[in-house]
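In the numbering used here, the protein residues as written are 2 to 1153. Note that beta-carbon positions come from the ideal geometry of N, C-alpha and C, so glycine has one too. As the structure is a computational prediction, the values presented were derived from the model and not from experiment.
See the structure below:
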């Protein structure tokens, strides 16, 4: 009887065991408290036992193995247990209770018992139903053994001395057998099949319903007829003959601009192909792609074909073509290329595996980056010499001089190919025979190495509801792809010393194809978990980002999903190598922002000193290594009495929107273009005195104006400005320049204003205002100048400005530079200012843009001016210079653009006076040519006599080719005529040489002479190697850098001495500044504080000599033992001949 009970309680899967255990639990629970009612309750239980047992046996089986002995023992167990319960054996009755007391009695909370107050029948029913729902896995042998022993104790409890011991039972003693797990749902139908090709490889995308996403994410293998396909997420890296697949959840459908789940396969086998898709935890799916009569494909489930006969192997090729050896350009791996005959195309495309001595080689498609010398590839390539496609088998061989490869192709016999090195060092390929005499290999020793993995780098922050994290992004609109993640995975393996037990030192190397230690990672899993060490973070917070499997081919990882809950998170990876070892990495922080943060808070001095995305450099300045959050719409304010205004800390030297390879960060928002044009811009970013800020990888939206204040400096790189940049007096601006080289990564789509005293230094200023949208708006069509000079502006180094293509509204290429009324752009010694009008090649009939527009302004100085009109398609050519003003640089190159005669339009002019009147060119060296008309339908590089480089083609260089712009010393005057077109002839008048020279008149009223910006100053003459004949200049020819505006004259002013300095104070008590005439003499007062200056002074690009009493000197003057000649305007003559016939050198000194 004991053996029957023991087998009864131990038998896994027996319905009777389940019922008996539940009944024993119920009996123990109820009898202990309700002894007065045992007879009634026991009879209920016994009457229910046969029915419930039959139901359980019908559902799960009797649990009998079919033997008579077991059946007898089972029946004996039933009888014994039924008798014991029915007769109440072993039950000690308690004191009887009244029905009232009985109804209110409560039961002890014993493990496994029913609800208090329930009947035995209800309890037993509930236990049975619970058993039917359980599906926990079975326990191990030790646990099962312990469980069985305790069940024997239970039997003893039920029979020992007729008493039930008052012992509380643990439910774990009655562990039920595991029931079959519910089948996970696999797709029953599939959606649209999109057939296409990449590089000639047929590629199919099959849409999967989103309710099957878990199945999709669990896919880990795909095969066709036993040929395994390779998981490959890079659709642009599919090769002819390759077998690739990829499952993408929440991918984008570019046709519908919606997110979908889909599978992607290559299929170069036949019109109908059946794929076996394996997913962890799911049954395999057979997916059949069938080509219809209309050429479209459908996807449907297929049935397993169990009737197929073993496939007969086809004979493999016996002859091959040429064998060629070479090395990978960036490594020392030997590569062998074996030509395969076209007649063996089917075998070639069916190749599925290559091995050497039982070691499998990996199939790899990137021929120039074999990482370990154990790869193979079969590819279809085009021979440009024969104009034919060829079949080539690539094999690596870094093992021995003679190596035998086993090449397996689906449906074909294996090929043994032997590569042998001859005495001449050349290799030959021959077929080898199977070696059947080889001795059995020794069993491999157990691999005791340990795998390690670590993450290095960072994850840029995300914003709630951000899309395409680790997707395509760009501030300029010119980048192709970008990643937010900048983390690399490193792996290492160690060996344990057999004697000391110590592990060897870790030799870290990046994971993937570039791993130098031969570690083959098969699987990479990514985990994103809440960082509960941070305030407010709990373990159940959902980042919205998806854990998932990443590719193991590279050394980086990719995050997917849509950020959901703001907070701090940790990202780690778990990797598995080729033998199944796994290791989990350290965790890197990942933060999600709400999107409501303010720039004033993120850029505060406290943030610079505490946040991890700031770093202090050796010079004590700070670097914002990556902006967080990457998009900041709201500014807040740290500027007194201003809203939405932020002044950058002077200690900040670098503002980087993102880390290396990341997307561009945003500040501000998209403002309507009309508001930008009129200057109604609500947000302001100040670059203050002392700040030397480099801004890179930042998109400054059109709601923002940047103001470079006096003493501040802004260096713009790889960024886009959609609003305005204003450079104030003493502010310095540079763009696309670093380490002595130019680039074109930064773009100005708005406009730059150079105020009086502004400085531009080494800048390539490029606009794409018409062909890059105003953010999400499409309201911008702009021909206004890229840069506007409003006052005295100094150019240092090399400055290039290029307008954008003509927009569709005005059809006029964008002007590069405008110099406004009484403003002066001064070129410092040897400086270059090159300006280019926007082209009109896209709008077809548009007009090329003007390079330089003068509004009674001046460009002067001892540098070189280059101005080239914009190139049209069929329309009018762009002019080099237009308007009214003076060009008085050391050199000037002015070139109108070429035009086509297809639409009878004129070419561009060197100088166009038609609109505003008079442009005077007084440079001693110059080139001034109108464009020509070309008798062609359209102008291109081949038929344009100027060539494309003349217009500064951005696709060919980051800076213009300055050697193209040659000037000559002019000995005579050339009259430039506009071309005759439709009877219209316009002449550009050039003053003749040899006439009377008139220098600018000094004002005779003793007052200040107004100059650029209406400041009190005078202009000097222009020296040169020849006499320049020109008309009388306007009352003011230009501005002097740094002069201060004043409305006072010197007639009522008096000299005031303060300490060692003299000041000229007007009648209203203010100090005058700039050029002042008093009592017939000229003085120059400091533009900054009005102090009287003496000695040599460099003003407005020219040298002046002021005596000890401050009076400006003219004529011959002796200084430091040398003679110098100053013109009537006071300007020093350099490198020329004086009016009285003496030669002076480039320093102005007389050459004896």
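- prompt: What does DSSP give as the partner residues of residue 1098 in its beta bridges?
  reply: 1105
- request: Counting only the same chain and skipping the five closest in sequence on each side, list residues whose C-beta sits under 6 Å from that of residue 1148.
  value: none
query: Cα-Cα, which of 347, 904, 864 and 922 is closest to residue 885?
result: 922
message: DSSP three-state label for residue 866, please.
response: strand
task: Take every Cβ of the stretch 963–970, pair it with every Cβ of the stretch 744–763, and state whether three or more of those distances are shorter than 8 Å.
output: no
field: Close-in-space but distant-in-sequence residues of the same chain around residue 574 (CB under 8 Å, 5 per side omitted)
entry: 454, 456, 490, 525, 526, 527, 528, 551, 558, 585 and 586
Contained beta strand (DSSP E) runs [length at least 3] in the stretch 785–852, N- to C-terminal order: 788–791, 793–803, 818–820, 825–828 and 833–837
message: Among the candidates 846, 771, 866 and 396, whose CA atom is the shortest distance from the CA of residue 419?
response: 396
- prompt: What separation, rounded to the nearest whole angstrom, lies between the Cα atoms of residue 562 and residue 463?
  reply: 11 Å
- prompt: In terms of DSSP beta bridges, what is residue 1062 paired with?
  reply: 1059
- prompt: Would a C-beta distance cut-off of 8 Å place residue 857 and residue 892 closer than the cut-off?
  reply: no
message: Could you check whether the stretch 688–705 touches the stretch 801–813, counting it as contact only if at least three pairs of C-beta atoms, one from each stretch, sit closer than 8 Å?
response: no
task: Look up residue 607 in the DSSP assignment and say whether it is helix, strand or coil.
output: helix
- prompt: Which term fits residue 814, buried or exposed, when burial requires 16 or more other beta carbons within 10 angstroms of its beta carbon?
  reply: buried
query: How would you label residue 897, buried or exposed, when you count the other beta carbons within 10 angstroms and need 16 or more for buried?
result: buried
message: Helix, strand or coil for residue 1084? Go by DSSP, reduced to three states.
response: strand
query: Going by DSSP, what residues sit across from residue 928 in a beta bridge?
result: 894
- prompt: Going by C-alpha distance, which of 694, 907 and 1061 is nearest residue 651?
  reply: 694
field: For residue 1134, the three-state DSSP class (helix, strand or coil)
entry: coil
message: Counting only C-beta atoms, is residue 1102 closer than 8 Å to chain C at any point?
response: No chain C is present in this structure, which holds just one protein chain.
Nearest neighbour of residue 281, chosen from 316, 221, 254 and 295 [CA to CA]: 221
query: Exposed or buried, residue 642, counting other C-beta atoms within 10 Å across all chains shown (16 or more means buried)?
result: exposed
- request: In angstroms with no decimal places, state the Cα-to-Cα distance between residue 860 and residue 889.
  value: 6 Å
message: Determine whether the beta carbon atoms of residue 873 and residue 847 lie at a separation below 8 Å.
response: yes
- prompt: Do residue 788 and residue 753 have their CB atoms nearer than 8 Å?
  reply: yes
message: Do residue 729 and residue 710 have their beta-carbon atoms positioned less than 8 Å apart in this structure?
response: yes
- prompt: Quick one: what's got a C-beta closer than 8 Å to residue 229's C-beta in the same chain, skipping five residues either side?
  reply: 222, 223, 244 and 353
- prompt: Cα-Cα, which of 829, 927 and 825 is closest to residue 798?
  reply: 829
- prompt: Using the beta-carbon count (16 or more within 10 Å), is residue 745 buried or exposed?
  reply: buried
- prompt: Helix, strand or coil: which one does DSSP assign to residue 1146?
  reply: coil
message: Please identify the residue among 854, 876 and 735 whose C-alpha is closest to the C-alpha of residue 844.
response: 876
task: Mark residue 431 as exposed unless 16 or more other C-beta atoms lie within 10 angstroms of its C-beta, in which case mark it buried.
output: exposed
message: Classify residue 1058: buried if its beta carbon has 16 or more other beta carbons within 10 angstroms, exposed otherwise.
response: exposed
message: Would residue 337 and residue 392 qualify as a contact pair, given that the criterion is a beta-carbon distance under 8 Å?
response: no
message: Between the alpha carbons of residue 458 and residue 583, how many angstroms are there, rounded?
response: 22 Å
- prompt: When you compare each of 516, 518 and 568 to residue 539 by their alpha carbons, which one comes out closest?
  reply: 568
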